[in-house]
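According to the UniProt record's numbering, the sequence shown is numbered sequentially starting from 1.
Quick reminder that beta carbons are idealized off the backbone N, C-alpha and C, glycines included.
Everything numeric in this text was worked out from a predicted model, so none of it was measured.
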Amino acid sequence: LPEEAQEKIKKIWENYEDGQGCDKEHQETKDVLDELPADVRNRAMRPKGPSFLKGVSDEVRAQFDALWKDHSISRDDKPEKFKELAEKVLNAEQLKEFNKFHAALQRRREEFQKKLKQLSPEARAAHEKLAKLREERHKVIFMEASDSVKEELNKLYHDDRRKHMERRKRQ
């Protein structure tokens, strides 16, 4: 963060004591960050993301982000697309981290498939309906929406997910 913003934030929190509510300080901090130019704010607040993205350029990060948000690619096809992108743009150490990430993702998918096979026929049918609805929702909303609408929705969902993760960390 620029020095001026750091000073403002320090001043906001200087009298805060653990155990007190901090809604006021949180809002004032958010206001300081919102005043920053978008590029400065994005660099300062950039989500950490998976470990394989540590140290990558903004361009590479943007490529992974764009792939993540590309709803024209099915959930089943995305892991392979990520692997292709990783092999193309990551260095050896980053690729090693990506492969760990990818292997963990594959394990979770396999575990999910095992659980799915153990469901009763009724539960499996309900799951399949839900999966089809999710896919249809993506087609209708994300495939047919304008780029500006897609951007707004992605920001909405991304911000909500980030806030949820922050809340979970504090608990």
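Which of helix, strand or coil DSSP assigns to residue i
i: Gln-27; result: helix
i: Val-89; result: helix
i: Val-56; result: coil
i: Tyr-157; result: helix
i: Asn-15; result: coil
i: Leu-133; result: helix
i: Ser-51; result: helix
i: Gln-20; result: coil
i: residue 182; result: Absent from the model: residue 182. The displayed extent of the chain is 1 to 171, so no value can be given.
i: Leu-1; result: coil
i: Pro-121; result: helix
i: Leu-36; result: coil
Cβ-based neighbour list, residue i, same chain, cut-off 7 angstroms, excluding 5 preceding and 5 following
i: Arg-41; result: Leu-33
For residue i, the first and last residue of its enclosing alpha helix (DSSP H)
i: Arg-75; result: Run containing Arg-75: none; DSSP gives neither H nor E here.
i: Ala-145; result: Segment: none, Ala-145 is in no alpha helix (DSSP H) and carries neither H nor E.
i: Phe-112; result: 92 to 117
i: His-138; result: Careful: His-138 lies outside any alpha helix (DSSP H) and carries neither H nor E.
Sub-7 angstroms separation of residue i and residue j beta-carbons
i: Phe-64; j: Phe-101; result: no
i: Asn-83; j: Leu-67; result: According to the sequence displayed, residue 83 carries Lys and not Asn. Not a contact, by the Cβ cut-off of 7 angstroms.
i: Ile-12; j: Glu-35; result: no
i: Leu-1; j: Ala-38; result: no
i: Phe-98; j: Leu-105; result: no
i: Asp-25; j: Tyr-16; result: A quick correction: the sequence has Glu, not Asp, at residue 25. A contact, by the Cβ cut-off of 7 angstroms.
Contacting residues, own chain, Cβ-Cβ under 8 angstroms from residue i (five flanking each side not counted)
i: His-127; result: Leu-116 and Leu-119
i: Leu-85; result: Gln-63, Phe-64 and Leu-67
i: Asp-147; result: none
Closer than 6 angstroms: residue i CB and nearest the ligand MG heavy atom
i: Gln-94; result: What this structure holds is no ligand at all, so the ligand MG is not there to describe.
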